[in-house]
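Take a look at the structure set out below.
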Amino acid sequence: MSAHAHDGPRKGMILHGGTKLSDYFIFNTDHKVIGIQYFITSVFFFMIGGALAMLIRAELLTPNSDLGNYLGDGYEYNSLFTMHGSVMIFLWVIPILAAFANYLLPIQVGADDMAFPKLNATSYWTYFLGSVVMMAAFFVGRPAEQPLLWNIAVALVAIGTIMMLFGTFRVVGWMQMVGISLLSMGVFILWGPTAAAGNITILLTVLTVLMFVIGGRFGTERTSAYVLGCSLLILALCNLLGGASLGIPGAAAGGWTAYPPLSASQTANAPDGQTLWIIAVYILGMASQLGAINMIVTVARMRAPGLTMGRLPLFVWTVLAQSILVIGGTPVLGGTGLALLFERLYGMTFFTPADGGSALTYQHLFWFYSHPAVYIMVLPAMGLISEIFPILSKKPVFGYKAIAGSSMGITFFGFLVWGHHMFTSGMSPWLLMSFMLGSMAIGVPTGIKIFNWIATLWGGKITINSPMLFALGFLAMFVIGGVSGIMLAAVPFDLHVHDTYFVVAHFHYVLFGGTVFGVYGATYFWFPKVTGRMYNEPLGIIHWVLNFVGFNLAFLPMHWLGMMGMARRIGVYPEEFQYVNQLSSFGAFLLGIAAVPWLINLVWSAYRGKEAVGNPWGGLSLEWQTSSPPPIENFPEVPTVTHGPYDYGKGIKPPIVEELPAFQPIPAPAAD
Amino acid sequence: MSSHAIPLKEATIRNRQGLWLFFLTEVFLFGSFFVLRFSLWGDTRPELEQTAGLIATFVLLVSSLAMNRAEVAIAHGDKTKFRNNILVTFVLGAIFLGMILVYEWGALLGLHGEVLGIPVGHILPGDGVYGSVLYLMTGAHALHVLGGLVFIAITLFKGMRGDLTVKDHFFAEACALYWHFVDLVWVFFYPALYLIGHVVDIH
Amino acid sequence: MSEEQHETVTPDAETLAARLQEKLTQGIYVFLGLAALTLLEAGLVGSSTIVMMLVGIAKAALIINYFMHISSVWSEDDH
Ligand code: HEM
Ligand SMILES: [Cu+2]
């Protein structure tokens, strides 16, 4: 890797440890580069997930089936919402938050990088591998029917291999990575998962550990890329040896929850893609876990002098809470997934009642992960807006301890309430009641946050701009999602609306209205920091208006639909629901269009935006005390912290880093 | 990207914390298998070879002791003791792995009758929930043992090459911690598989 | 390895050897405890899950404390 001679931070797309564009395509250990890698990759998948959502809403314009129903049992629609949900959760929301955590957390604690930089890059590339496996599900098993696809696949493998080898030997990073991607796509298209897929999982696990060891301890910057390439080659080999697939083409269609017995069966609604789906989720979980370990150790060991836990920016607290949830929850999903995989492939029995297994056990294990996962998906977004509110209203945050502590409270309670997803699955009345009360109790720490945010805004000098508008949008939308969540926590009500559109409305208010609004706001808020240029304000406000209107038009009516009794996960519905559905679809299309100004803004401003100063908002936390973009070591010298991150009105003058010296390469430390 | 050299002590503390967090994720992974066992078997269990189970457990326990001796030895600069003990650990680990393969996975590997006077395993992964959970738990654990053996081999190699010193032997410490962790998992898997509940006919 | 030299001086060979002996003996005692608990466990075969788990937890505590010296995670000095 080229870690030498910089001529100061060039503003625009080329930054940080990435001195040239190709640095973003390789195994780069700079946390800022990794953050941007996460960002771009997950935005790409957001677009794919969004396109799938548009297809869902197009299908739902009319009560009958428009997309066709070639494979029977509504397979097409089933795979649409399954892949929409899975892509949105595993490839967009979780990694986009990892993008912010990677970029901001080390700077906010005043460190020059993460505790384990190579491990950090390994997590990104593990995520990358997982995303390839997940997307490959769309193609698997098809080639036999389609000679054209077959040829394309073979060509991909050939070109990919050549590019990878060439890139590797001539040390052309981007070529290597592009080669690996092409190769793996080709391999997966050719591949129908076989019983050998189980062996492959084991192999991948071992290889992931190897990546950890080699990449983490002995690695040169490219080592993990080699391992990644090798693992894919071995995958290809396994396939050649593995024989025929189950012979059922198509992507996963068992819902993002993948409940057995359906997901464990080998039917048109649980085709080969379901196998890949399980493997992908396992790999993606691995990536999160490696990331979480890194975050915790970074916060524990690498805080700048004077930066006590009580002076940590609130975003850091939420990432810490999230990491604890990942460490306790994600491995359980991994273990459950392995069991499910073995049941699918080897005729073992865990979850199929007809063979003596217990489907209920799967649900318990799944939700033991997936309830905490909803906090994994929202806590860091709460952290992001906890930064935006005080800084843009120039007031100390109200109840710092309460906000930080409530994150920990949510973490603790988060592990105890999973049963509220299973009220209709059957459990003892005592359990029903305790899960109900627990779920309502978890509203308390969340409420604490909401009231503290409002109190922070109260009487502040509020700057109304794009990040602030989105943060306010978060606040309003999240309250709606939270209130409908409390409604759902009440057993009698849930028995009525379980698995209806009321639930769909609820979690989109939380995930889109909450997390995605927060993320949108954060992209504007930290845009000047990351690129050194200002975003375009009018375009940002257009984005917000379209987004806000489209969002509510799309999802508010779904509450109605649910109360009227329209089930979720159906492509064909009774005619009386049509008008409301059309309203919702119209809103959804508007919401889809709303992403366009955002993308234009990001790309255009990164190259053409006005040059930004180091501290455009007058922030007091550490990321605002360095140049925009920050130098490769984040700070010219180790910073010392003497005050809290939101200590406005105490006479502390936020340094305006307009004149921060352009980044000078830091001289090698003198031998001491 | 950091060009600051991190002091050795600080690096060790970070690595140690990272390793423990990794163990924590593993606890939850094995925990999910544990939950499967109790929810699918309840207070029953299949007929397993008690003698083999007890011997294997002791083999792993002794290997843990040897590993402890190896680690303290290298931490105090005694290379010979280190080598002898870590070799014992390796051999015992391999024996444990072999015993699991023969006495639990025997049927899958096509063995019959007895080996060294103890009947080989007779359960297959397809034998309902009993076979499935048995193979899942022993398999996941055996895979970790296998990884541990590789780790031990590398540690031995590094130790003999002189890479591990009194001051800087985190690699050996990590290896030891990992091996004890593998033993720790077995501390709970052994009663769960062999001892808890009453025997039922699995067919 | 690292050229960073630590301020703590390396103890001389005799102190090291004495300390080593102490640690080795401790290991043996811990092992004996673990072995006894294992035998107890095997003898209790078929008894209640709770009892078994308690014995398991006792063994785990010994391993975590003495073999894995968990306290080194938060104490700054070496074990
Ligand atoms: C672009 C805007 C979006 C639209 C129009 C949209 C629309 C929908 C609709 C209509 C469904 C229900 C399908 C059915 O049950 O038949 C659905 C399901 C779902 N959506 Fe979205 N969605 C959007 C964005 C998101 C985002 C940002 C996330 C997550 C962060 C998300 C996560 C999910 C999940 C998890 C499901 C459940 C899938 C399942 O039932 O297995 N969606 N979406
Ligand atoms: Cu939940």
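Protein chains in written order, with my numbering: chain A, 383 to 1054; chain B, 468 to 670; chain C, 188 to 266.
We put the CB at the ideal spot given by N, CA and C, even for glycine.
- Message: So with CB distances below 7 angstroms, who are the chain B contacts of Ser740(A)?
- Response: Those are Ser506 and Leu507, listed as they occur along chain B.
- Query: What are the residues that DSSP puts in a beta bridge with Glu993(A)?
  - Reply: Answer is Arg915(A), bridged to Glu993(A).
- Message: I'd like to confirm something about Val242(C): is its beta-carbon nearer than 7 angstroms to some heavy atom of ligand 1, or not?
- Response: No, the beta carbon of Val242(C) sits no closer than 7 angstroms to any heavy atom of ligand 1.
- Item | C-alpha distance - Arg524(A) paired with Ile416(A), whole-angstrom precision | Because Arg524(A) carries a pLDDT of 45, less than 50, the predicted location of this residue cannot be relied on, and no value is offered for it.
- Could you work out which residues of chain B lie near Leu221(C), taking near to mean beta carbons separated by less than 7 angstroms? Within 7 angstroms Cβ-Cβ: Leu528.
- Message: To the nearest angstrom, how far is the alpha carbon of Ile257(C) from that of Phe894(A)?
- Response: The alpha-carbon atoms of Ile257(C) and Phe894(A) are separated by roughly 42 angstroms.
- Message: Please list the terminal residues of the continuous alpha helix (DSSP H) segment that includes Glu458(A).
- Response: Counting along the chain, the alpha helix (DSSP H) containing Glu458(A) begins and ends at Tyr457 to Ser468.
- Message: Give me, in chain order, the residues of the same chain whose beta-carbon lies closer than 7 angstroms to that of Thr622(B); leave out the 5 immediate sequence neighbours on both sides.
- Response: These residues qualify, in order along the chain: Ile553, Phe638, Ala639 and Cys642.
- Item | 7 angstroms Cβ shell around Gly922(A) - same chain, five flanking residues per side excluded | Beyond the five residues adjoining it in sequence on each side, Gly922(A) comes within less than 7 angstroms, by CB distance, of Ser848, Tyr906 and Asn983 in the same chain, given in chain order.
- Query: List, in order along the chain, the chain B residues whose C-beta lies closer than 9 angstroms to that of Thr212(C)?
  - Reply: Those within 9 angstroms of Thr212(C) in chain B number zero; the least Cβ separation is about 10 angstroms.
- Exposed or buried, which one is Ala540(A) when buried takes at least 16 other CB atoms within 10 Å? Taking a 10 Å sphere around the C-beta of Ala540(A), we find fewer than 16 other C-beta atoms and assign the residue as exposed.
- Note down the Cα distance separating Thr531(B) from Phe618(B), rounded to an integer number of angstroms. It should be noted that the sequence gives Ser, not Thr, for residue 531(B). Taking the straight line from one Cα to the other gives about 14 angstroms.
- Item | Rounded Cβ spacing between Thr649(A) and Met496(A) (contact assumed at less than 8 angstroms) | Their Cβ separation, rounded to whole angstroms, is 44 angstroms, which puts Thr649(A) and Met496(A) out of contact at 8 angstroms.
- Task: Kindly give me the distance between the Cβ atoms of Ala633(A) and Ser461(A), rounded to whole angstroms, as I take these residues to be in contact under 8 angstroms.
- Result: Right, their Cβ atoms sit about 5 angstroms apart.
- May I ask whether a heavy atom of ligand 1 can be found less than 7 angstroms away from the beta carbon of Ile706(A)? Checking every heavy atom of ligand 1 against the Cβ of Ile706(A), none is found closer than 7 angstroms.
- Task: Measure the alpha-carbon distance for Asp448(A) versus Glu441(A) and round it to whole angstroms.
- Result: Each residue's alpha carbon lies about 6 angstroms from the other.
- Message: So Asp545(B) contacts chain C; which residues on that side make the cut at Cβ distance below 7 angstroms?
- Response: Residues of chain C passing the Cβ test: Leu207.
- Query: Is the Cβ of Met730(A) closer than 8 angstroms to any Cβ of chain B?
  - Reply: Interface residue, yes.
- What residues in its chain sit with their C-beta under 6 angstroms from that of Ser866(A), if we drop five residues either side in the sequence? Same-chain partners within the cutoff: His888.
- Task: Kindly list the residues whose CB is nearer than 6 angstroms to the CB of Met516(A), restricted to its own chain and excluding five residues on each side of it in sequence; keep chain order.
- Result: Closer than 6 angstroms at the Cβ level, and outside the excluded window around Met516(A), lie Ala662.
- Message: Between the alpha carbons of Phe624(B) and Leu722(A), how many angstroms are there, rounded?
- Response: Spanning the two alpha carbons is a distance of roughly 39 angstroms.
- Cβ of Thr556(B) within 8 angstroms of Cβ of Met534(B)? Cβ distance < 8 angstroms, so Thr556(B) and Met534(B) count as in contact.
- Task: Consider the Cβ of Ser259(C): report whether some Cβ of chain B lies at a distance smaller than 8 angstroms.
- Result: Ser259(C) counts as touching chain B.
- Query: Do Glu516(B) and Pro586(B) have their C-beta atoms within less than 8 angstroms of each other?
  - Reply: Taking 8 angstroms as the Cβ cut-off, Glu516(B) and Pro586(B) qualify as a contacting pair.
- With a threshold of 7 angstroms, establish whether the CB of His1056(A) neighbours any heavy atom of ligand 2. As displayed, chain A neither begins before 383 nor continues past 1054, which places residue 1056(A) out of reach and without an answer.
- Message: For ligand 2, is there any heavy atom lying closer than 7 angstroms to the beta carbon of Val912(A)?
- Response: No; taking the cut-off as 7 angstroms, the Cβ of Val912(A) has no heavy atom of ligand 2 nearer than that.
- Task: Assign Lys911(A) to one of two classes, buried (16 or more other C-beta atoms within 10 Å of its C-beta) or exposed (fewer than that).
- Result: So Lys911(A) counts as buried.
- In whole angstroms, what is the alpha-carbon distance linking Trp999(A) and Tyr902(A)? C-alpha separation (whole angstroms): 17 angstroms.
- Query: Mind checking if Asn551(B) is an interface residue toward chain C, Cβ cutoff 8 angstroms exclusive?
  - Reply: Cβ-Cβ to chain C under 8 angstroms: no for Asn551(B).
- Minimum C-alpha distance to Met470(A) - residue among Leu486(A), Phe971(A), Ala435(A) and Val491(A): Closest by C-alpha distance to Met470(A), out of Leu486(A), Phe971(A), Ala435(A) and Val491(A), is Ala435(A).
- Message: Give me the DSSP bridge partner(s) of His665(B).
- Response: In DSSP, His665(B) forms a bridge with Thr511(B).
- Query: Under 7 angstroms from any heavy atom of ligand 2, does the C-beta of Val756(A) make it?
  - Reply: Annotation for Val756(A) indicates a beta carbon within 7 angstroms of some heavy atom of ligand 2.
- Item | Residue nearest to Ala659(B) in terms of C-alpha spacing, selected from Pro198(C), Met239(C), Asp199(C) and Thr225(C) | Taking each of Pro198(C), Met239(C), Asp199(C) and Thr225(C) in turn and checking the Cα distance to Ala659(B), the smallest one comes out for Met239(C).
- Query: Is Trp1077(A) near ligand 2, going by C-beta to nearest heavy atom under 7 angstroms?
  - Reply: Residue coverage of chain A in this structure runs from 383 to 1054, which leaves residue 1077(A) outside it and unanswerable.
- Message: Is Thr348(A) close to ligand 1? I mean its beta-carbon at under 7 angstroms from any heavy atom of the ligand.
- Response: Given a span of 383 to 1054 for chain A in the structure shown, any question on residue 348(A) remains unanswerable.
- Item | For Ala904(A), the first and last residue of its enclosing alpha helix (DSSP H) | In this chain, the alpha helix (DSSP H) harbouring Ala904(A) covers Phe899 to Phe907.
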